[in-house]
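What follows is one structure encoded as structure tokens, with my remarks underneath.
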Amino acid sequence: MWRRVVAGCVLVALGCAGAPRRTQQRATGSSAWVPLVVGPFQRVYRPVGTRYLNDHTLAREPDGRWRLFGITHDSEGDPSREMSFLHASAPALMGPWSDEGDALHSQPPEEALWAPFVLPVGAGRWGMFYYGNTPDHRVLRAESADLHRWERSASSAPGGRDPFLLRVGALWYLYSVGADEHREIGQIVVSQSRDLLRWTMPTVALADPVAAFGWGNLESPVVVRRGEEFYLFVTRTSDSPHDYARTMVFASTDPTRFAWEPVTELMAHAAEVIEDGGGWFITSAGWTARMGERWRGLSIAPLAWAPRSSLR
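Quick note on numbering: the sequence shown equals residues 9 to 320 in the numbering used here.
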């Protein structure tokens, strides 16, 4: 069951006054690289009116134009009323961003629209994987030729909330949020496919050792490959509003299994990790009740990959 949110400013790394200070990032675990936020977050996009941006996806068109899609509502944070996907575009990652018409609106049996992931699926075709809180709890799919008009597909995939896709060779990996209801722990699960249509049953990629609260501790998985290692970025929240903007990073040579040995911890919520123009960037967004009005919308900071040996 979803819980109501409590107002509170949590993004210390983004400059929220009055929040208790906590280490923004630290190197632990074992990996060849450690991702570091190496500059301040900048808010590059604020939705019109009082709308917020929560879990989101960024897609770059062949001409270099960027598209942003994400969870939205005009309250300060109410997941039960998130029924459409916000859409904005920009000529460059850092903007200027302009609002477009909403990309998708919920329809039965969808009870919400959460966490879209957009990617090219063929010549002139785009796919959107998302979660609709439907009775079967599957990952849903829509397709578009112009990134404006989306048509739902009959195909779906096993999994859960907050889908993210990564291609490695001929295989696609679909990560999403799962739960072990018997042990009441949060999980990130992963399915595999060669054609984005036929999927294996999900297996556990990461399990939280701490019992879940509310909707679960783990959210918003993102996986980045660097050399022979895979880095899983995941939002890990708790009952405390000060844990809302908390992204933990795990590393593995196997994209289907990550041990609970965090590489580092970053101050961001629903983070996406983007490579653009030879540089790396990390995003952050979330409910206004938790982020504060100053950070309502999309914020971006530069990200660097430091050799672990340089941090000893």
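Ideal Cβ positions, reconstructed from N, Cα and C, are used throughout, including at glycine.
Computed from a predicted structure; not experimentally measured.
Helix, strand or coil for residue i per DSSP?
{"i": "Ala297", "result": "helix"}
{"i": "Asp251", "result": "helix"}
{"i": "Leu274", "result": "strand"}
{"i": "Trp303", "result": "helix"}
{"i": "Ser88", "result": "helix"}
{"i": "Leu321", "result": "The requested residue 321 is not part of the displayed model; the chain covers only 9 to 320."}
{"i": "Leu205", "result": "coil"}
{"i": "Leu319", "result": "helix"}
{"i": "Leu155", "result": "coil"}
{"i": "Ser164", "result": "coil"}
{"i": "Leu66", "result": "strand"}
{"i": "Ala98", "result": "strand"}
Within the same chain, show all residues whose beta-carbon is closer than 6 Å to that of residue i, passing over the 5 residues directly before and after it, in chain order.
{"i": "Trp288", "result": "Leu311"}
{"i": "Met102", "result": "Val52"}
{"i": "Leu148", "result": "Tyr138, Gly140 and Ser164"}
{"i": "Asp284", "result": "Leu101"}
{"i": "Ala309", "result": "Val45, Gly47, Phe49 and Ile290"}
{"i": "Asp247", "result": "Phe221"}
For residue i, which residues does DSSP report across the bridge?
{"i": "Pro310", "result": "Phe289"}
{"i": "Val42", "result": "Ala314"}
{"i": "Met136", "result": "Val126 and Ala150"}
{"i": "Thr80", "result": "Leu61"}
{"i": "Met256", "result": "Val242 and Glu273"}
{"i": "Arg51", "result": "Ser307"}
{"i": "Leu112", "result": "Phe93"}
{"i": "Trp268", "result": "Beta-bridge pairing links Trp268 to no other residue."}
{"i": "Phe172", "result": "Tyr183"}
Who are the Cβ neighbours of residue i in its own chain at under 8 Å, not counting the five residues just before and after it?
{"i": "Trp158", "result": "Ala111, Leu112, Met136, Ala150, Glu151 and Ser152"}
{"i": "Met209", "result": "Pro166 and Ser199"}
{"i": "Arg202", "result": "Ala178, Leu179 and Trp180"}
{"i": "Thr264", "result": "Tyr181, Val198, Gln200, Thr211 and Ala213"}
{"i": "Trp313", "result": "Trp41, Val42, Pro43, Leu44, Arg234 and Trp288"}
{"i": "Ser106", "result": "Ala96, Ser97 and Ala98"}
Would residue i be called buried (16 or more neighbouring beta carbons within 10 Å of its own) or exposed?
{"i": "Thr322", "result": "Lying outside 9 to 320, the shown extent of the chain, residue 322 is not represented and no answer is given."}
{"i": "Pro171", "result": "buried"}
{"i": "Ser260", "result": "buried"}
{"i": "Ala293", "result": "buried"}
{"i": "Ser228", "result": "buried"}
{"i": "Ala276", "result": "buried"}
{"i": "Gln2", "result": "The structure shown does not extend to residue 2, since the chain is modelled only from 9 to 320, so the question has no answer here."}
{"i": "Val176", "result": "exposed"}
{"i": "Ala253", "result": "buried"}
Ignore the nearest five residues each way along the sequence and tell me which others in residue i's own chain have a CB closer than 7 Å to its CB.
{"i": "Gly85", "result": "Val13, Tyr60, Trp295, Thr296, Ala297 and Arg298"}
{"i": "Met256", "result": "Val242, Arg244, Pro270 and Glu273"}
{"i": "Ile266", "result": "At residue 266 the sequence reads Phe, which differs from the Ile that was named. Once the five neighbours on either side are set aside, the close Cβ partners of Phe266 are Ala213, Leu214, Leu240, Phe258 and Ser260."}
{"i": "Val230", "result": "Phe172, Phe241, Ala279, Glu280 and Val281"}
{"i": "Arg133", "result": "Glu151 and Ala153"}
{"i": "Asp82", "result": "Gly57, Thr58 and Arg59"}
{"i": "Asp63", "result": "Gly78, Ile79, Trp122, Ala123, Asp170, Ser228 and Ala278"}
{"i": "Arg54", "result": "Arg304 and Gly305"}
Under 8 Å: do the region 236-250 and the region 202-221 share three or more Cβ pairs, one atom per stretch?
yes
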